[in-house]
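Worksheet: the structure to be examined is printed underneath.
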Amino acid sequence: MAVSDPIAPARFCTNCGRPRLGGARFCVGCGREFDVAAAPGVASPEQFLVAEDSEPARPYPVTYRAAYVEHPSRAGTVFRLVLALPHLVVWPLLAVVSIALSVVGWLCVLALGRLPGPIHRFQAATVVYVTRVAAYLGLVDDRFPPFPWQRRDGRPVDVWVAPPARMSRLRTLLVLPLSLPAVVTAFFFGLVAGLLAIGAWLAILFTGRMPRTIHEMQGLTYAFQCHTLAYVPLLLTDVYPWYETGPLALPRPPETRNPEAGLPPTERPAPGDRVTQDGQPGGFLPPPPQS
């Protein structure tokens, strides 16, 4: 049996599942280095990409990242609301303090042109904590999220906030009316996230697996809500929320798979990104016969 593509190069990140852009050495989503280089004689990955691999001049100051947890705990999924009760108590208390600091921070930006460092650190910790708890309730993350006073890096869900920067006084003064479209959009995204959480709950309960399609849709909803929360009321940035899930917002190309492998575009290859014609990971096929 003739084989036209014996070993596919690494076209997906094995950590977050994003498509590889051209011959990039690092993933644009999570920064992980690709393990497999393009094999000699194999077509360049550029032909599998239809989107431009150019980064925006100014990435959004707040970045949401969520690793794909394929097999979460069934018990932890069934009792998720009960397990999250401590966070549901801390959440409103933190919100009261954060909103009070937002008023103070709004006045400081109007007077100084930037958010003071202590307020920025508190609000940054708030957006990280709120996003992690929301992702935990939405079944994106299977591990119990840390409280705001606990520092734990390297979790499946993480939020990166840029250091304090100069902010426009005019945009800050008019932040409430300017933010209305983003707030309304974030509200409807919240409804979608709730429906996705119900679907994920049923899928994990009956199959023991989180569908990747639901995970990717949750990434869009939580990323935009995280950006909106940082924009208003936390005032961590004056950059209007973007529809992206990382430092580079590219739509998934319609065809980013090995046509011989039988893997759908929504599924990433196994670790190592080596696939054979029958779709089995890590295999090697003999070279194609010489014509």
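Using this note's numbering, the first residue of the sequence shown is number 32, and each one after it goes up by one. Positions of the beta carbon are idealized from the N, C-alpha and C atoms, including for glycine.
Cβ-based burial, E144 [other Cβ within 10 Å; buried from 16]: Inspection of the sequence shows that residue 144 is occupied by Gly rather than by Glu. Label assigned to G144: exposed.
Test: Y167 CB closer than 7 Å to a CB of chain C: The question asks about chain C, but that chain is absent: this structure has only one protein chain.
For L233, the nearest candidate out of R111, R96 and E64 (CA to CA): R111
Closest residue to Y99 among V263, I245, L265 and T252 (Cα-Cα distance): I245
Validate contact between the segment 248-267 and the segment 150-162 using beta carbons, cut 8 Å, 3 pairs: yes
Contacts around A165, its chain only, beta-carbon distance under 8 Å, and the 5 residues preceding and following it disregarded: A224, Y253 and Q256
Contact check, P92 vs A193, beta carbons under 7 Å: yes
Proximity winner among R197, Q181, F220 and V135, relative to L251 (alpha-carbon distances): F220
Residues near V270 by beta carbon distance below 8 Å, same chain, minus five either side: R89, Y91, P92 and Y262
8 Å contact criterion, which T94 and W191 should meet: CB distance rounded: 4 Å
Cβ pair count under 8 Å reaching 3, the segment 111-127 against the segment 172-179: yes
CB-CB length for L141 against R200, believed under 8 Å: 6 Å
Identity of the residue in R63, V161 and R182 nearest V120 by Cα: V161
Complete beta strand (DSSP E) runs within the segment 124-203 (minimum length 3 residues, chain order): 188-192
C-beta contact flag for A217 and T157 at 7 Å: no
C-alpha distance - S104 paired with M248, whole-angstrom precision: 21 Å
Rounded C-alpha distance that separates A97 from L146: 27 Å
Simplified DSSP assignment, three categories, for E101: coil
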